[in-house]
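Each residue of the sequence shown is one higher than the one before, starting from 849 at the first, in my numbering. The beta carbon of each residue, even a glycine, is placed where N, CA and C say it ideally should be.
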Amino acid sequence: MDQCIALLEEILVLTKANEPDCLFFNITTCGSDKAYVREAYKDGAAALFHLKNMGHMIPKLFEVSDITVQVQGPAIEIEPLKEILPDADFYEAISGF
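Take a look at the structure:
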């Protein structure tokens, strides 16, 4: 878990420094064995930029933890991400504010 958190914190710092269209990036934990990252981006293009920018970090995370990726947003915004994240769960937004 410590290795996972360290990698996530590294990603957080890099994201904050290099991705102005990241609206937020939060790391939380549940007990000593679960971490949750909640991120939001201005639009699908910003999320795609993040994935390309941080893509080199993803294999490192898989080495030290089990990961489930969920992507939520308007269908038109998340569609381009499906090719890059083929194993992710995609949730299309219906309504909200």
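- In this chain, the beta strand (DSSP E) harbouring Ala883 covers Lys882 to Tyr889.
- Taking 8 Å as the cut-off, the beta carbon of Val919 is found closer than this to the beta carbon of Phe938.
- Here Cys878 is exposed. Its C-beta has fewer than 16 other C-beta atoms within 10 Å.
- The criterion of a C-beta distance shorter than 8 Å is not satisfied by Asp914 and Tyr889.
- Two segments are said to touch when three or more pairs of C-beta atoms, one from each, lie closer than 8 Å; by this definition the region 919–933 does not touch the region 871–886.
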